[in-house]
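One structure below.
Numbering (the numbering used here), first residue to last: 823 to 1448.
Shown next, in the form of structure tokens:
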């Protein structure tokens, strides 16, 4: 096990070492223990945003090399900086490997498989085609298995033409590379697995197993920033401000001005403390490039105004107000007079850089030095790391937010932040959105760690989509909406006596409070004559996800009715009174069980049976791929 051992020894933190050993152990001792080197296997490695996925990926490479895998392809997004970052990191930690970048065809050929090979490629059409041909022509894969690690696998790899019965270019190119080998392990890596999980069973990109690795203790993530009640790091700005900051003819808005002052104070503290020469401030206002320019210019003008008015009493008071806010969480922050003097120097020496980062700017720039104010949109998502990111201003909105897209915007997550000084500026309604996303992410991870990929569902509040529509087979997507009554029109009770016994203690007098697992037990004993009519498993898994939600106490409501006469094919089940009763419990899982007489003259078999009606809490939508 020399490759993994050497890699582990290169890692500084014991906690990280253990996590890598846990992940590699689970992959190769559990999920790939019987791998025959003659078949294709898909897996999913799930982590949090900026939680150290690259380190885990390299751990998997090292462990696989110890098991005689010799050719590895690591796919990154179509971002040059990310590809180069991953390539350089591989060079740093894998001296025993032949590390190839996108233009290292000669190095690949000259190695002649004397050393295991790692090829780091962007998900770019021309690059993927080029290396497919290089690999085929080399014949190095003859008799060898291929190991592909697809970083940000949900971003560009999936078929974006699935609903047109066509195959998108990148998706086809990845499949072509996989097919160059007799056998292949394809490990997808992401922090936002929604699109991957919603692939159809027949998809080449549907994972067969999943492994989640938790972040380390120093990690700042969703539970820190989007807790209930609100974290101290949250600074609310006015809802209307998100429009004003984009207007050419308006001055800098109050909330953004406060964020700039806050950032300057943190920069001054860092400089005075001599703890480093880097501090970053991220502003994510919209996707529109021209708006980034407007905001960057406003900030530039604001910094000039600050420089010209540093002796102004009101300005000094505004700075002191922000300093006091930071002092509440970091009492050891430098004294205000020192801070203010340092801010004057920072402004006078023009040490504050304002950078726009988007499709039309220098997207290859790094931010590991200096004091940087970065304004951008989509480019601020996947693959972009901001060391010592201490201030964030976020005001991006969408008519129908996509969970995976917005969660990838959480660049404030990570390890190298000072938790006492970090501040997040955003309107209350956007903060609420992220709180809901955090809850859904937590529920999803808990469900996956407890149940794996079996009968998996996703849960989001109404108005949020899990992912983009173009990578999901719409005809196979099953939706269960909270607040809607679902009943089986053609129910079957495989064991009527068992249901009778389970419900024997419950009268018809009132609504009964019961454990959710009891509702699950009842549903597990009901099926249907028509597979399209009712699927108890979908409701059971939805209930399991609800039970993991932070607002749930593990209980639901039950209403029992006996001796009901309803004709087969009736378009409704509940009586008006029962329907009103169910509606009164809009925040609960509510199951109504009707025992029908089942008379033949009404279209039934002539035998009694139980018919279920279930209503899930208002405001939730459950997604399941059939």
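For every residue, glycine included, the Cβ atom is placed at its ideal position computed from N, Cα and C.
- Item | Three CB pairs or more closer than 8 Å across the stretch 1428-1444 and the stretch 1316-1333 | Cβ pair count under 8 Å is three or more, so yes.
- Task: Please state if the CB of residue 1273 and the CB of residue 1360 are separated by a distance shorter than 9 Å.
- Result: Not in contact: residue 1360 and residue 1273 (Cβ atoms no closer than 9 Å).
- What's the C-alpha gap between residue 980 and residue 944? Looking at the two C-alpha atoms, the distance is approximately 15 Å.
- Task: State the Cα-Cα distance for the pair residue 1245 and residue 883, rounded to the nearest angstrom.
- Result: C-alpha separation (whole angstroms): 37 Å.
- Continuous beta strand (DSSP E) stretch holding residue 1337: start and end: Here the beta strand (DSSP E) through residue 1337 covers 1334-1337.
- Query: Just curious, the beta strand (DSSP E) that residue 1178 is in, first and last residue?
  - Reply: 1174-1179 is the span of the beta strand (DSSP E), which, as asked, contains residue 1178.
- Query: Ordered along the chain, which non-local residues of its own chain (more than five positions away) have a Cβ less than 6 Å from that of residue 1300?
  - Reply: Its chain contains 1446 and 1448 as the residues whose beta carbon lies nearer than 6 Å to that of residue 1300, once the 5 sequence neighbours on both sides are disregarded; these appear in chain order.
- CB residue 1218 to CB residue 872, shorter than 9 Å? Between residue 1218 and residue 872, the CB-CB gap reaches or exceeds 9 Å.
- Quick one: using the 10 Å Cβ neighbour count with 16 as the cut-off for buried, is residue 1225 buried or exposed? Buried, since its Cβ has 16 or more Cβ neighbours within 10 Å.
- Query: Cβ of residue 1124 within 9 Å of Cβ of residue 1141?
  - Reply: In this structure, the beta-carbon distance from residue 1124 to residue 1141 does not fall below 9 Å.
- List the endpoints of the continuous beta strand (DSSP E) containing residue 1057. Per DSSP, residue 1057 belongs to the beta strand (DSSP E) from 1056-1058.
- Task: Identify every run of the beta strand (DSSP E) within the stretch 900-932, keeping only runs that are complete inside it and at least 3 residues long; order them along the chain.
- Result: Listed in chain order, they are 920-922.
- Under three-state DSSP, which class holds residue 1070? Three-state DSSP puts residue 1070 in coil, outside helix and strand.
- Item | Residue range of the beta strand (DSSP E) that includes residue 1106 | Boundaries of the beta strand (DSSP E) around residue 1106: 1100-1106.
- DSSP state of residue 950 mapped onto helix, strand, coil: In this structure, residue 950 counts as helix in the three-state DSSP scheme.
- To which residues does DSSP link residue 856 through a beta bridge? Answer is none; residue 856 lacks a bridge partner.
- In the DSSP assignment, what are the bridge partners of residue 1307? In DSSP, residue 1307 forms a bridge with 1437.
- Message: For residue 1180, which residues in the same chain have their Cβ closer than 7 Å to its Cβ, ignoring the five residues on either side in sequence?
- Response: Within the same chain, residue 1180 has close Cβ partners 1111, 1114, 1198, 1199 and 1201.
- Using a Cβ-Cβ cut-off of 7 Å (strictly less than) and excluding sequence neighbours within five positions of residue 1122, which residues of its own chain qualify? Only 1176 meet the Cβ criterion.
- Assigned exposure category for residue 1170 - 16 Cβ within 10 Å defines buried: Exposed is the label assigned to residue 1170, since fewer than 16 other Cβ atoms lie within 10 Å of its Cβ.
- As assigned by DSSP and simplified to three states, the class of residue 1407: In this structure, residue 1407 counts as coil in the three-state DSSP scheme.
- Item | residue 1415, DSSP secondary structure in three states | Looking at residue 1415 - three-state DSSP - the assignment turns out to be strand.
- Query: Are the stretch 896-910 and the stretch 856-864 touching, with three or more C-beta to C-beta distances below 8 Å?
  - Reply: No, because fewer than three Cβ pairs between the stretch 896-910 and the stretch 856-864 fall closer than 8 Å, the two stretches do not touch.
- Going straight from the alpha carbon of residue 891 to that of residue 939, what length do you get? Taking the straight line from one Cα to the other gives about 9 Å.
- Task: With DSSP as the reference, please indicate the residues paired to residue 838 in a beta bridge.
- Result: Partner(s): none; residue 838 has no beta bridge.
- Task: Buried or exposed for residue 1082, please, with buried defined as at least 16 other CB atoms from any protein chain shown within 10 angstroms of its CB.
- Result: So residue 1082 counts as buried.
- By Cβ distance, which residues of its chain are closer than 7 Å to residue 990, with the 5 residues on each side in sequence left out? Within the same chain, residue 990 has close Cβ partners 981, 982 and 983.
- Message: Suppose contacts are defined by Cβ-Cβ distances below 9 Å. Is residue 1449 in contact with residue 1174 by that definition?
- Response: Nothing about residue 1449 can be reported from this structure: the residues present for the chain run from 823 to 1448 only.
- Message: Give me the residue from 876, 1330, 1045 and 988 with the minimum Cα distance to residue 972.
- Response: Cα-wise, what sits closest to residue 972 is 876.
- Message: Quick check for students: name the residue ranges of the alpha helix (DSSP H) that lie wholly in the stretch 997-1029, counting only runs of 4 or more.
- Response: Runs of the alpha helix (DSSP H) lying entirely within the stretch 997-1029 and spanning at least 4 residues, in chain order: 1016-1019.
- How should residue 1203 be labelled, buried or exposed, when 16 other C-beta atoms within 10 angstroms of its C-beta is the threshold for buried? That one is buried.
- Query: For residue 1195 versus residue 1091, is the C-beta spacing smaller than 9 Å?
  - Reply: In this structure, residue 1091 does not lie closer than 9 Å to residue 1195 by Cβ.
- Flag this pair as touching only if the stretch 827-847 and the stretch 995-1012 have three or more C-beta atom pairs under 8 Å; answer yes or no. No: fewer than three Cβ pairs fall under 8 Å.
- Contact set for residue 1189: own chain, Cβ-Cβ below 6 Å, skip 5 residues either direction: Hits under 6 Å: 1102 and 1208.
- Query: What span of residues does the alpha helix (DSSP H) with residue 1122 cover, start to end?
  - Reply: Looking at the DSSP string, the run of the alpha helix (DSSP H) that includes residue 1122 is 1111-1130.
- Would you call residue 946 buried or exposed, if buried means 16 or more other Cβ atoms sit within 10 Å of its Cβ? Buried.
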